[in-house]
Amino acid sequence: FISSAMATAEAVHRSVSKKMWRALRLRSAARGAEAARGMAFFSSSSSSSSSHDSKGSRWTNAHFVKTNTPQRAILAFGSAILGLLNPERADLIATLGETTGTMALERMKTKMETTLEGRLILQEKPRINSTTLPLEPLLDSDPNTFGYAYAEFMSSHGFSADDRPPVRHVEDNELAYVMQRYREVHDLWHVLTGAPTTVEGEIGQKAFEFLQTGLPMAALSCAVGPVRLSHGERVRVLTRYLPWAYACHSNCTFLMGVRFENYLEEDLQSFRKQLGVIPVEAYAHSTE
Numbered sequence: 005f006i007s008s009a010m011a012t013a014e015a016v017h018r019s020v021s022k023k024m025w026r027a028l029r030l031r032s033a034a035r036g037a038e039a040a041r042g043m044a045f046f047s048s049s050s051s052s053s054s055s056h057d058s059k060g061s062r063w064t065n066a067h068f069v070k071t072n073t074p075q076r077a078i079l080a081f082g083s084a085i086l087g088l089l090n091p092e093r094a095d096l097i098a099t100l101g102e103t104t105g106t107m108a109l110e111r112m113k114t115k116m117e118t119t120l121e122g123r124l125i126l127q128e129k130p131r132i133n134s135t136t137l138p139l140e141p142l143l144d145s146d147p148n149t150f151g152y153a154y155a156e157f158m159s160s161h162g163f164s165a166d167d168r169p170p171v172r173h174v175e176d177n178e179l180a181y182v183m184q185r186y187r188e189v190h191d192l193w194h195v196l197t198g199a200p201t202t203v204e205g206e207i208g209q210k211a212f213e214f215l216q217t218g219l220p221m222a223a224l225s226c227a228v229g230p231v232r233l234s235h236g237e238r239v240r241v242l243t244r245y246l247p248w249a250y251a252c253h254s255n256c257t258f259l260m261g262v263r264f265e266n267y268l269e270e271d272l273q274s275f276r277k278q279l280g281v282i283p284v285e286a287y288a289h290s291t292e
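This is the structure in structure tokens:
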């Protein structure tokens with residue numbers, strides 16, 4: 005049964021990808037040069053948009069692929085199984101998040117609307133990528149700043165903000181942006197929490213993200229991640245990272261409502277205190 009579901013999911017995934025390319029070609033031909041410029045903004049030649057326009061009026065859910073209910077169910081179930089078997093398949097993890105996260109995205113959007121900064125994010129729809137947030141100037145800034153810490157984190161790990169995949173399976177334009185924003189702030193959250201990029205650290209980070217967002221995908225990552233760990237590593241996850249995630253979430257503000265781009269010059273430690281974020285190491289020292 006599982007083999008059949010996996011094969012079906014892969015077939016649907018390929019079919020949906022073909023539909024996406026066909027739809028993009030037809031849309032570009034029909035709308036002419038103006039559409040071509042819009043499509044360039046969300047070009048599929050890379051995992052994120054190529055023009056990186058941060059204006060809210062330019063945001064369109066251009067990568068959306070229309071699917072019916074059975075297809076969405078197969079995508080959700082199949083991507084869950086395949087993602088568990090091969091956690092390196094980022095496309096499947098992304099699909100799982102999009103096909104199971106509608107209610108969580110709605111709650112996230114509602115919470116963002118409760119603050120002025122959150123409302124401005126939804127209105128202007130800023131993007132985070134190598135054009136809107138280049139690393140070079142940040143690396144020349146004060147080493148104590150949030151911006152420098154972010155640039156150093158990205159460059160030292162060889163990460164790029166352009167690696168975040170576009171949203172394809174969330175039809176509502178506003179919710180699609182919320183999901184895109186969630187993906188694009190992931191590394192900024194990492195800098196704030198200080199969670200390492202090890203499997204243990206990522207499990208802790210995902211636990212924190214689940215508490216912040218309610219996305220089922222994040223919870224699933226926490227549930228299956230420990231399978232890949234040794235006994236000692238599992239113990240550390242249970243006694244250190246999961247308690248930290250709960251404590252940090254309980255103490256800090258709703259991070260999806262924060263426009264991090266406006267705080268790059270802030271002292272990192274002061275910014276953490278302002279948000280109520282408890283770094284992993286600080287929590288570990290406090291519980292020793």
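In my numbering, the protein residues as written are 5 to 292.
Cβ atoms here follow ideal geometry from the backbone N, Cα and C, with glycine treated the same way.
Cα-Cα separation, Pro-220 to Ser-159 = 30 Å
Three or more C-beta pairs closer than 8 Å, one from the segment 118–126 and one from the segment 224–241: is that the case here?
-> no
Report the option in Gly-208, Arg-240 and Val-239 whose CA atom is closest to the CA atom of Cys-226.
-> Gly-208
Per DSSP, the bridge partner or partners of Asp-271 = Thr-149
Determine the contact status of Val-195 and Met-183, defining contact as a CB-CB distance below 8 Å.
-> no
In or out: Pro-130 buried (at least 16 other Cβ within 10 Å) or exposed?
-> Pro-130 comes out buried.
Kindly indicate which three-state DSSP category Glu-292 falls into: helix, strand or coil?
-> In this structure, Glu-292 counts as coil in the three-state DSSP scheme.
Helix, strand or coil for Cys-252 per DSSP?
-> helix
Inter-residue CB distance, Leu-215 and Tyr-186 (contact presumed, cutoff 8 Å) = Not a contact, Cβ separation roughly 14 Å.
Do the segment 267–277 and the segment 139–156 meet, that is, are 3 or more Cβ pairs less than 8 Å apart?
-> yes
Can you give the Cα-Cα distance for Ser-50 and Thr-291, rounded to whole angstroms?
-> Legend: pLDDT at Ser-50 = 33, less than 50; position of this residue unreliable, value from coordinates given subsequently. Roughly 43 Å separates the two Cα atoms.
Label Arg-276 either buried or exposed according to how many other C-beta atoms from any shown protein chain fall within 10 Å of its C-beta, with 16 as the threshold for buried.
-> buried
Cβ pair Thr-178, Lys-113 closer than 8 Å | Strictly speaking, residue 178 in this sequence is Glu, with Thr absent from that position. A contact, by the Cβ cut-off of 8 Å.
With distances taken Cα to Cα, identify the nearest neighbour of His-253 among Thr-243, Tyr-152 and Lys-210.
-> A check of alpha carbon separations from His-253 across Thr-243, Tyr-152 and Lys-210 identifies Lys-210 as the nearest.
Note down the Cα distance separating Thr-136 from Ala-165, rounded to an integer number of angstroms.
-> 10 Å
Three-way DSSP call (helix, strand, coil) for Val-203 in this model = helix
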